[in-house]
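Peer 1:
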Amino acid sequence: MLRSWIALFVVFAVYTFFVYSDCDKRPLPGRAPDRHVLAGWKTWQAKNCHTCHQLYGLGGFMGPDLTNVVSDTNKNDAYLRTFIKYGTGKMPNFHLEDTEITDVIAMLKWIDKSGKSRVPKERVTWSGNYNLEK
Amino acid sequence: MQKFNRVIVFGALSLLLATLIFGVLSSWAFLYPETYNKFLPFYQLRPFHVSASLFWIVTGASASILYYKNDAFPEVAGNHLSTRLFIFTWLGTIIAIFICYGLKIFGGREYWEFPPVLCIPLLAGWLLFMASYFVPLLKTAGQKPMYVWMWTTGIFFFLVTFLEQNLWQLPWFRESYLREVTVQWKANGSMVGAWNQMIYGTSLYLMVKISGDETIARGKTAFFFYMLGLTNLMFNWGHHLYNVPAASWIRDTSYIISMTEWVFFIRMIQGFKKTLEDRRKYRHLITYRFIIAGEFWVFMNLLLTLAMSVPAVNRYTHGTHITVAHAMGATIGINSMLLLASFTYMLGIERKSELTKKAVGISYWVTQYSLGVFWLCLIVAGVIKAYGSTVRNLSSFQEIMQPVMPAITAFSVSGIFLMSGLGAIAVIYLYHTVYYKDEMK
Numbered sequence: 153m154l155r156s157w158i159a160l161f162v163v164f165a166v167y168t169f170f171v172y173s174d175c176d177k178r179p180l181p182g183r184a185p186d187r188h189v190l191a192g193w194k195t196w197q198a199k200n201c202h203t204c205h206q207l208y209g210l211g212g213f214m215g216p217d218l219t220n221v222v223s224d225t226n227k228n229d230a231y232l233r234t235f236i237k238y239g240t241g242k243m244p245n246f247h248l249e250d251t252e253i254t255d256v257i258a259m260l261k262w263i264d265k266s267g268k269s270r271v272p273k274e275r276v277t278w279s280g281n282y283n284l285e286k
Numbered sequence: 028m029q030k031f032n033r034v035i036v037f038g039a040l041s042l043l044l045a046t047l048i049f050g051v052l053s054s055w056a057f058l059y060p061e062t063y064n065k066f067l068p069f070y071q072l073r074p075f076h077v078s079a080s081l082f083w084i085v086t087g088a089s090a091s092i093l094y095y096k097n098d099a100f101p102e103v104a105g106n107h108l109s110t111r112l113f114i115f116t117w118l119g120t121i122i123a124i125f126i127c128y129g130l131k132i133f134g135g136r137e138y139w140e141f142p143p144v145l146c147i148p149l150l151a152g153w154l155l156f157m158a159s160y161f162v163p164l165l166k167t168a169g170q171k172p173m174y175v176w177m178w179t180t181g182i183f184f185f186l187v188t189f190l191e192q193n194l195w196q197l198p199w200f201r202e203s204y205l206r207e208v209t210v211q212w213k214a215n216g217s218m219v220g221a222w223n224q225m226i227y228g229t230s231l232y233l234m235v236k237i238s239g240d241e242t243i244a245r246g247k248t249a250f251f252f253y254m255l256g257l258t259n260l261m262f263n264w265g266h267h268l269y270n271v272p273a274a275s276w277i278r279d280t281s282y283i284i285s286m287t288e289w290v291f292f293i294r295m296i297q298g299f300k301k302t303l304e305d306r307r308k309y310r311h312l313i314t315y316r317f318i319i320a321g322e323f324w325v326f327m328n329l330l331l332t333l334a335m336s337v338p339a340v341n342r343y344t345h346g347t348h349i350t351v352a353h354a355m356g357a358t359i360g361i362n363s364m365l366l367l368a369s370f371t372y373m374l375g376i377e378r379k380s381e382l383t384k385k386a387v388g389i390s391y392w393v394t395q396y397s398l399g400v401f402w403l404c405l406i407v408a409g410v411i412k413a414y415g416s417t418v419r420n421l422s423s424f425q426e427i428m429q430p431v432m433p434a435i436t437a438f439s440v441s442g443i444f445l446m447s448g449l450g451a452i453a454v455i456y457l458y459h460t461v462y463y464k465d466e467m468k
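Those protein sequences? They're chains A and B, same order as listed.
The opening position of the first sequence corresponds to residue 153 in my numbering, with each subsequent residue numbered one higher.
The opening position of the second sequence corresponds to residue 28 in my numbering, with each subsequent residue numbered one higher.
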């Protein structure tokens, strides 16, 4: 029993190593977040934004998924800035400074570059799986 | 039951009550944000609800293990200093977390919405709990029954996943968003498996005690299902991340492993006749009734899980309320029912007055029916959202959500009934924890 357990745990440890090291194969230059992105991320967490918004479909359902909001042609920077600055009936005004808003938008731009949240129908294969590597 | 056991049982039941109250308030804040934003906004209520729920489950599981370990390891049974320190540290940190939420100080991560510095006392508390479990375990010789293996696995993997979900604080993990989100949901997904091991282990222990049949916790079948559960704990977390464009082998592994859950499903159907016979035999026992409710919700949630584990189906369900149905069906229907079975046994509810038993019985049925409606409303809400966002491909969030709101309203109403049923059980059990008398003496 103990031997089976240890064997499975070793497989898990190796698998975990590869998940950490290999899950994102894109080249590093241009991928690492700059200080604005990190500051925006900090604000995102401090204001608990994930409670209402999703990134890659993960988070709360009160507001929309924001993974690719910056590449939405209907919503430019000024639109996002106004939305974040004043809130709406649904979204509270968090009284963010202009620099904080700039940083949050920088974070959203960085996340937008990581991929698309919605999987197009064409990416579903015969096995019911996705092929996202094309 | 010793005093320190009663303290942690009291803490766990209080957390259950808090989960219900904050859950109902959150659902109404979701419906009427303009009103709630003025005094208790959704972004403040949801962390209260999520943390209370997470800690109810983990605290309830550890309270059960602390109580039953004295029976499992009788040679070294006793009241250890590490146990007392664990209870003090653990419950104290949870209070500190709620104070932070009250002051709107957040850490902003799913499930772990408090400032990360509070993970340090939580970790210290868990290590103390591990000490109070592993010291007697290692001093006890002989082959261990499967529930001991399950407890041990759950306790150990809670530590592993707890550490893993804190890795984001190392800059390397934040260099890539895909890595950060993958590791976060790997940890969260496996952590659910870890507390399931603790809770299913407790349920197996109770079944051994009720039936008096030790063989159900030993032998090849028990071993096979334990190993299958462990494999799923380790590798079946990817359905959270199917749409994330990380390495495809992560998705492939999860998809393949998740299909092994069909074995659990078929096993449940095969064992249906035996379950019915057992039900006739033990239905007078409240403990057993909660176990059966847990099994029923395992069956219902397995159906949902199996569907969501197919990426082609997950494309529609991901990011919709079907995910919430899956989460709430598991935490309320499975985890809470099995924990209440354990608390019924620990508090000796079967030996209380007829009035107490009748009140628990009525509350039990209010809970089951309202949970059924609650769960179905979430699925309907999810289907409507999936239709708007994936089938019709609507880009306006308002347009997607508008037809969903009637289902959310029905969900919020059923939530009040659910709170009444489950809340009444929690209050009755809290009363019997405070005024505990050991009738066995």
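From the three backbone atoms N, C-alpha and C, an ideal C-beta is built for every residue, glycine too.
Tell me whether B/ASP240 sits in a helix, a strand or coil according to DSSP, three-state version.
Peer 2: The residue given as residue 240 of chain B occupies position 213 in the second sequence. Here B/ASP240 sits in coil by DSSP.
Peer 1: Would B/HIS353 pass as an interface residue toward chain A - the criterion being a Cβ-Cβ separation below 9 Å?
Peer 2: Numbered from its first residue, the second sequence carries residue 353 of chain B at position 326. No, because no Cβ of chain A sits closer than 9 Å to the Cβ of B/HIS353.
Peer 1: B/TRP402 and B/MET335 - do their beta-carbons sit closer together than 9 Å?
Peer 2: Looking up residue 335 of chain B in the second sequence gives position 308. Looking up residue 402 of chain B in the second sequence gives position 375. Cβ atoms of B/MET335 and B/TRP402: not closer than 9 Å.
Peer 1: Name the one or two DSSP bridge partners that A/ASP217 has.
Peer 2: Stepping through the first sequence from its first residue, residue 217 of chain A is reached at position 65. A/ASP217 is bridged to A/GLN206.
Peer 1: If you draw a straight line from the C-alpha of B/SER238 to the C-alpha of B/LYS308, how long is it?
Peer 2: Counting from one through the second sequence, the residue named residue 238 of chain B turns up at place 211. Counting from one through the second sequence, the residue named residue 308 of chain B turns up at place 281. Cα to Cα, the separation comes out at about 10 Å.
Peer 1: So what does B/TRP55 bridge to, in DSSP terms?
Peer 2: As a working mapping, residue 55 of chain B is identified with position 28 in the second sequence. Per DSSP, none; premise fails for B/TRP55.
Peer 1: In angstroms, rounded to a whole number, what distance separates the CA positions of B/GLY87 and B/ALA39?
Peer 2: Position 60 of the second sequence, counted from the first residue, corresponds to residue 87 of chain B. Position 12 of the second sequence, counted from the first residue, corresponds to residue 39 of chain B. Roughly 5 Å separates the two Cα atoms.
Peer 1: In chain A, which residues lie with their C-beta within 7 Å of the C-beta of B/SER203?
Peer 2: Walking along the second sequence from the start, residue 203 of chain B turns up at place 176. Simply ASP176, ARG183.
Peer 1: Okay, do the stretch 409-421 of chain B and the stretch 340-359 of chain B touch, 3+ Cβ pairs below 8 Å being the bar?
Peer 2: In short, these stretches touch, since the Cβ pair count reaches three.
Peer 1: Does chain A have any CB closer than 9 Å to the CB of B/VAL51?
Peer 2: Stepping through the second sequence from its first residue, residue 51 of chain B is reached at position 24. Chain A contact via Cβ: absent.
Peer 1: Could you round the C-beta distance between B/ILE226 and B/LEU47 to whole angstroms and report it? I think they count as a contact, below 8 Å.
Peer 2: As a working note, residue 226 of chain B is residue 199 in the second sequence. As a working note, residue 47 of chain B is residue 20 in the second sequence. In fact, because the Cβ distance is near 19 Å, the residues do not count as touching under 8 Å.
Peer 1: Going by beta carbon distance, what residues of the same chain come within less than 7 Å of B/VAL77, once the five residues before and after it are set aside?
Peer 2: As a working mapping, residue 77 of chain B is identified with position 50 in the second sequence. Excluding positions up to five away in sequence, the list reads TYR138, GLU140.
Peer 1: For B/TRP117, I'd like the list of residues in its chain whose CB is within less than 6 Å of its CB, leaving aside the five on either flank, ordered along the chain.
Peer 2: Within the second sequence, the letter at position 90 stands for residue 117 of chain B. Contacts found: GLY152.
Peer 1: For the stretch 377-389 of chain B and the stretch 435-443 of chain B, state whether three or more C-beta atom pairs, one from each stretch, are separated by less than 8 Å.
Peer 2: The stretch 377-389 of chain B is not in contact with the stretch 435-443 of chain B.
Peer 1: Kindly indicate if chain B contains any beta-carbon less than 9 Å away from that of A/ARG270.
Peer 2: Within the first sequence, residue 270 of chain A is the residue found at index 118, counting from 1. Taking Cβ atoms only, chain B reaches closer than 9 Å to A/ARG270, which makes this a yes.
Peer 1: Could you tell me the distance, in whole angstroms, from the CA atom of B/PRO60 to the CA atom of A/SER173?
Peer 2: On the second sequence, residue 60 of chain B is found 33 positions in, with the first residue counted as 1. On the first sequence, residue 173 of chain A is found 21 positions in, with the first residue counted as 1. The alpha-carbon atoms of B/PRO60 and A/SER173 are separated by roughly 42 Å.
Peer 1: List the residues of chain B that A/ASP213 touches, going by C-beta distances under 7 Å, in chain order.
Peer 2: The residue labelled residue 213 of chain A in the question sits at position 61 within the first sequence. Looking at the sequence shown, residue 213 of chain A is not Asp but Phe. Here the neighbours are HIS348.
Peer 1: For B/TYR282, which option in B/ASN259, B/GLN297, B/ILE293 has the closest C-alpha, if you only look at C-alpha atoms?
Peer 2: Taking the second sequence and counting its residues from 1, one reaches residue 282 of chain B at position 255. Taking only the C-alpha atoms, the option nearest B/TYR282 is B/ASN259.
Peer 1: Who does A/TYR282 pair with in a DSSP beta bridge?
Peer 2: Indexing the first sequence from 1 puts residue 282 of chain A at position 130. For A/TYR282, which the question treats as bridged, DSSP gives the partners A/VAL276.
Peer 1: Could you give the distance in angstroms between the alpha-carbon of B/ILE124 and the alpha-carbon of B/PHE184?
Peer 2: As a first step, residue 124 of chain B must be located in the second sequence, where it is residue number 97. As a first step, residue 184 of chain B must be located in the second sequence, where it is residue number 157. The alpha-carbon atoms of B/ILE124 and B/PHE184 are separated by roughly 23 Å.
Peer 1: Helix, strand or coil for B/GLY375? Go by DSSP, reduced to three states.
Peer 2: To locate residue 375 of chain B, count along the second sequence from 1; it is residue 348. Three-state result, B/GLY375: coil.
Peer 1: Going along the chain, which residues of its own chain have a beta-carbon closer than 8 Å to the beta-carbon of B/LYS468, five neighbours each way excluded?
Peer 2: Position 441 of the second sequence holds residue 468 of chain B. Because B/LYS468 sits at a pLDDT of 41, beneath the cut-off of 50, its placement in the model cannot be relied upon, and the following sentence gives the value as read from the coordinates. Correct list: empty, nothing qualifies.
Peer 1: At which residues does the alpha helix (DSSP H) containing B/LYS171 begin and terminate?
Peer 2: Residue numbering aside, residue 171 of chain B sits at position 144 when the second sequence is read from its first letter. Note, B/LYS171: premise wrong, no alpha helix (DSSP H); not H, not E.
Peer 1: B/MET261: buried (16+ other C-beta within 10 angstroms of its C-beta) or exposed?
Peer 2: Within the second sequence, residue 261 of chain B is the residue found at index 234, counting from 1. With 16 or more Cβ atoms within 10 Å of its Cβ, B/MET261 is classed as buried.
Peer 1: Under 8 Å between beta-carbons, which chain A residues line up against B/HIS345? List them in chain order, please.
Peer 2: Position 318 of the second sequence holds residue 345 of chain B. Simply GLY209.
Peer 1: Beta-carbon of A/PHE261 versus every beta-carbon of chain B: anything under 9 Å?
Peer 2: Translated into the one-based positions of the first sequence, residue 261 of chain A becomes position 109. In the sequence on display, residue 261 of chain A carries Lys and not Phe. It does not; no Cβ of chain B falls within 9 Å.
Peer 1: Can you tell me where the alpha helix (DSSP H) with B/HIS76 in it begins and where it stops?
Peer 2: Locating residue 76 of chain B in the second sequence gives position 49, where the first residue counts as 1. Run containing B/HIS76: 69-99, per the alpha helix (DSSP H) assignment.
Peer 1: Can you name the residues of chain B whose CB is closer than 7 Å to the CB of A/GLU285?
Peer 2: By one-based count along the first sequence, residue 285 of chain A stands at place 133. What A/GLU285 touches in chain B: SER275.
Peer 1: Can you check whether the C-beta of A/LYS237 is within less than 9 Å of a C-beta belonging to chain B?
Peer 2: Here residue 237 of chain A is taken as the residue at index 85 of the first sequence, counted from 1. So, not an interface residue.
Peer 1: Under 9 Å, do B/SER275 and A/ASN228 count as touching if we go by C-beta distance?
Peer 2: Locating residue 275 of chain B in the second sequence gives position 248, where the first residue counts as 1. Locating residue 228 of chain A in the first sequence gives position 76, where the first residue counts as 1. Not in contact: B/SER275 and A/ASN228 (Cβ atoms no closer than 9 Å).
Peer 1: DSSP has B/ARG245 in a bridge; who is on the other side?
Peer 2: As a first step, residue 245 of chain B is located in the second sequence; it is residue number 218 there, counting from the start. DSSP lists no partner for B/ARG245.
Peer 1: Please classify B/PHE66: is it buried, with 16 or more other beta-carbons within 10 angstroms of its beta-carbon, or exposed?
Peer 2: In the second sequence, residue 66 of chain B corresponds to position 39, counting from 1. When all chains shown are included, B/PHE66 counts as exposed.
Peer 1: Show which residues of chain A have a CB atom less than 7 Å away from the CB atom of B/ASN64.
Peer 2: Along the second sequence, read from residue 1 onward, the residue named residue 64 of chain B stands at position 37. Within 7 Å Cβ-Cβ: PRO244.
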